[in-house]
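Residues 627 to 1219, numbered by the working numbering, are exactly what the sequence shown covers, in order. Every residue gets a Cβ at the ideal spot worked out from N, C-alpha and C, and that includes glycine. Right, one structure below, let's go through it.
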Amino acid sequence: MGKTDGPVRITSVSFHHYKGLARYSLSLDRINVLTGANNSGKSTILGAFRVLAVAMRAARSRKPERLAINERHVLGYRVRETQLPISLENVATNYEDGESRVSFRLSNGNHLHLYFSSDGCVLVPDTSGAAVTSPATFKSNFPIDLAVVPVLGPVEHREDLRERETVAASLSTHRASRHFRSYWYHNPEGFQDFCALVTRTWPGMEIRPPERSMMGELSMFVGEDRFDRELYWVGFGFQIWCQLLTHLHRAAAATLVVVDEPEVYLHPDIQRRLLGVLKDTGPDVLLATHSTEIIAEADPADIVLIDKRRTSAERIKDVAGVQKAMDVLGSQQNISLAALARSRRVLFVEGDYDFSLIRRFAKQRGMNDLAASLGLAAMPSGGFGSWQRITSLADGIGQALGAELLIGAVYDRDYFCDQQIDEVLSKLRKSLRFAHVHSRKEVENYLLMPAVLDRVIGRGIAERRAKGFPVQDPSRNSEAVLLEVTDELKDDAEQQYVSRYSDYHHKNGKKDLSTLLKEATSAFRSRWNEPLQRWNLVSGKEALRRFRDKTQASLGLSITDAKIVDAMRQEDFSGDLVELLEGVDLFRSLKVN
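Below is the structure:
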């Protein structure tokens, strides 16, 4: 792979004899959500990026010096042990002798090498051209900036105004929490944007600029439900969230933002919002997490499974891979009684993934509270034949909680005819506070949009070419591919539709079976000949799987559900999809006695 045009970014990192990673490599993409079991190597990887950030600050401020590394003489930058954000006690794998090295590859073909010893480390720039001899040549060959979110803690009870230089020096350290108010006192120009982000991501909370007393003490007040409290007296989780958003706000111009397990003090609703905030920030993202909430929000292609027993990280490819990551974390992601007790509104869906996709649509539509599942708990039901069972189940849960539950349900249409759907919906609406049946076979059918798929493929080709990969233009558009894959599914879809139609009408009418079979076949085929109707009739899951396989084979592109939703524009939301989202959002907002 050669050099590329466009902004320079870090494309990969390799570890040699470094801590628990004897020989390990990781390729980086725009979003990288690292997950894995405890002690799998996630924090070790992020620690190396923390060291790189410190070493690069030195390289941008002074000339390199000639140093000896394992009997080789190189131009580099020495960083003392006291300046490093990691311990060097166990820097060599299993305390064995040998060179401990971490190497970072940039998209312009240059490399940065970190060599570790017992008393510090050395950063060695490696270019394909002239040697780096000054801060200016370092910056031109390595035009990247790392923003590292430090370990976060509670804000100070009382904070005196600190000097601007003191605040700046502590931004990437654990001391940043102690200077939170001082940071915003010295940087008021960005506060309005920060305040708006806080209010948007934590509804009902409004943070105000710091105020200085006559004695030089700073205060920041937070408005909640018409009451003002000083930031110290607001919950710890809100303090952490404000600090996290502050670091992300200042990282907007960086190349890469590094965040290690931010979920520790965050409510699940806020965890679900985090990944969207990170994506909107601008830089590439390197995030280590154990949070099943964050993993469930991520595009499968953004999830990277870390296991130091292997030689390279594994980037997840599909929903099955996400479940593998969940299994590694020991979570089945079952809903808890505590979640139900908080929301007291339960929405039954066909499967866990259905609600994840609904929330993705909501996020793209700008319905952020629904996207974060605020005031709503979802449970799998297994089809609209289960509606009597779910009312009994909800009653039982309500008795266990000692509180009323509001029950809603969203079901697939499958191959049932319009008349049967109307009959079932009528019964559901008598028993449930909200009931919806898709106008298409299943929720994945809303992703079968040729124009949007063309957009995703265009973006994918541009991204691959920007990284230096040769990618040919597609030989045909997405509609042609969809027509081909749905032709392969026609016989099964027709058989299912005709069977369901004739069974229902034979039991509820006077027509003979042969007449019903002819009616059903004619109705199906007339709809099938209209592409927009065809996309509604087939199995969306299977059509997408086959579409992805063909796109992967011909173009080498990975087309995920999240990428499709991210490419949707407001005009791509059909009326029935908008009706679904607005219906669920209204149900989410209903008052509970």
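Taking C-alpha atoms, which residue in the options lies nearest to residue i?
| i | options | result |
| --- | --- | --- |
| PRO835 | THR827, ALA822 and ARG1039 | ALA822 |
| ASN736 | LEU647, ILE636, GLU715 and LEU787 | ILE636 |
| LEU1158 | GLU691, ARG692, LYS1067 and LEU871 | LYS1067 |
| ASN1134 | GLN1122, LEU1073, GLN1178 and GLN1046 | GLN1046 |
| ARG899 | VAL975, ARG855 and ARG986 | ARG986 |
| PRO894 | ASP886, ALA878, LEU904 and GLY863 | GLY863 |
| GLU1197 | PHE1042, ALA1077 and LEU973 | ALA1077 |
| GLU1168 | TYR1127, GLU1114 and ARG876 | GLU1114 |
| LEU693 | ALA684, TYR703, ALA685 and LEU1203 | TYR703 |
| ASP1187 | LEU1079, LEU1216 and LEU1203 | LEU1079 |
| LEU710 | GLY746, GLN865, ARG1172 and ALA997 | GLY746 |
| ASP1099 | ARG1081, LYS1116 and ASP995 | ARG1081 |
| TYR1130 | GLY1209, TRP1154, TYR809 and TYR1041 | TYR1041 |
| PHE1150 | LYS1093, TYR1127, SER1140 and LEU1170 | TYR1127 |
| LEU1181 | THR1147, PRO1096 and ARG1214 | PRO1096 |
| ARG686 | LEU772, SER743 and ALA1119 | LEU772 |
| ALA1092 | SER733, HIS1064 and ALA684 | SER733 |
| GLU919 | ALA684, ARG971, SER999 and ILE1033 | SER999 |
| ARG1153 | PHE641, SER839 and VAL1124 | VAL1124 |
| SER1057 | ILE1033, GLU1049 and ASP1044 | ILE1033 |
| ARG1039 | THR937, ARG1059 and ASN1071 | ASN1071 |
| ASP995 | HIS642, ASN767 and ASP1211 | ASP1211 |
| ILE1185 | VAL890, LYS1144 and GLU1089 | GLU1089 |
| LEU1108 | ARG1160, SER713, SER666 and VAL885 | ARG1160 |
| ARG1174 | THR1112, SER743 and LEU654 | THR1112 |
In angstroms with no decimal places, state the Cα-to-Cα distance between residue i and residue j.
| i | j | result |
| --- | --- | --- |
| GLN959 | VAL1069 | Caution is warranted here: a pLDDT of 41 is assigned to GLN959, below 50, making its placement in the model unreliable, and the coordinate value is therefore given only provisionally. Taking the straight line from one Cα to the other gives about 20 Å. |
| ARG1165 | LEU1142 | Correcting the residue identity first, residue 1165 is Ser in this sequence and not Arg. Rounded to whole angstroms, SER1165 to LEU1142 spans 23 Å at the Cα level. |
| LEU983 | ARG935 | 33 Å |
| GLU856 | ALA674 | 37 Å |
| ASN1162 | ARG1085 | 26 Å |
| LYS905 | ALA914 | 15 Å |
| ILE961 | ILE942 | Because ILE961 carries a pLDDT of 41, less than 50, the predicted location of this residue cannot be relied on, and the following value inherits that uncertainty. C-alpha separation (whole angstroms): 24 Å. |
| PRO633 | PRO769 | 8 Å |
| VAL758 | LYS689 | 8 Å |
| GLU850 | VAL975 | 34 Å |
| VAL883 | VAL680 | 14 Å |
| SER957 | PRO888 | Low local confidence applies: a pLDDT of 48 at SER957 is under 50, so the model's placement there is unreliable, and no value is given. |
| LEU870 | LEU778 | 8 Å |
| VAL639 | TYR1037 | 45 Å |
| HIS783 | SER798 | 21 Å |
| GLY977 | ASP723 | 52 Å |
| LEU1207 | VAL848 | 32 Å |
| ASP1192 | GLU707 | 44 Å |
| LEU1183 | ASP786 | 54 Å |
| PRO814 | GLU837 | 11 Å |
| ALA1220 | CYS1043 | Because residue 1220 is not part of the residues shown, which for the chain are 627 to 1219, the question remains open. |
| VAL677 | ILE712 | 7 Å |
With a threshold of 16 other CB atoms inside 10 Å of the CB of residue i, please say whether the residue is buried or exposed.
| i | result |
| --- | --- |
| GLY755 | exposed |
| LYS989 | buried |
| GLY628 | Any reading at GLY628 must be qualified, since the residue scores a pLDDT of 48, below 50, and its modelled position is unreliable; no value is offered. |
| HIS800 | exposed |
| MET1194 | buried |
| PHE853 | exposed |
| LYS1053 | exposed |
| LEU1074 | buried |
| ASP752 | buried |
| PRO829 | exposed |
| ARG1214 | buried |
| MET682 | buried |
| GLU1030 | exposed |
| ASN720 | exposed |
| ALA922 | buried |
| PRO776 | buried |
| ASP980 | buried |
| GLY1009 | exposed |
| ASP1117 | exposed |
| ALA1035 | buried |
Just to check my reading of the structure: residue i and residue j have Cβ atoms closer than 8 Å, yes? What is that Cβ distance to the nearest angstrom?
| i | j | result |
| --- | --- | --- |
| ARG804 | LEU844 | So it is not a contact: roughly 11 Å between Cβ atoms. |
| LEU652 | ILE671 | 6 Å |
| THR907 | ALA878 | 6 Å |
| ILE929 | GLY662 | That pair is no contact at about 10 Å. |
| LEU901 | TRP867 | With 8 Å as the limit, LEU901 and TRP867 do not qualify as a contact, their Cβ atoms being about 14 Å apart. |
| TYR644 | VAL717 | 7 Å |
Using a Cβ-based criterion (distance less than 7 Å to any ligand heavy atom), does residue i qualify as near the ligand ZN?
| i | result |
| --- | --- |
| VAL1111 | As presented, the structure is devoid of all ligands, the ligand ZN included, so that no description of it is given. |
Please tell me whether residue i has its Cβ less than 8 Å away from any Cβ of chain C.
| i | result |
| --- | --- |
| ASP819 | Looking at the structure shown, chain C is missing, and only one protein chain is on hand. |
What are the uninterrupted segments assigned as beta strand (DSSP E) that are 3 or more residues long and contained completely in the region 679-766, given in chain order?
Fully enclosed beta strand (DSSP E) runs of 3 or longer: 691-695, 698-706, 726-732, 737-743 and 746-752.
Where are the alpha helix (DSSP H) runs, 4 residues long or more, that stay fully inside the region 892-919, in chain order?
Those alpha helix (DSSP H) runs which fall completely within the region 892-919 and span 4+ residues are 894-907.
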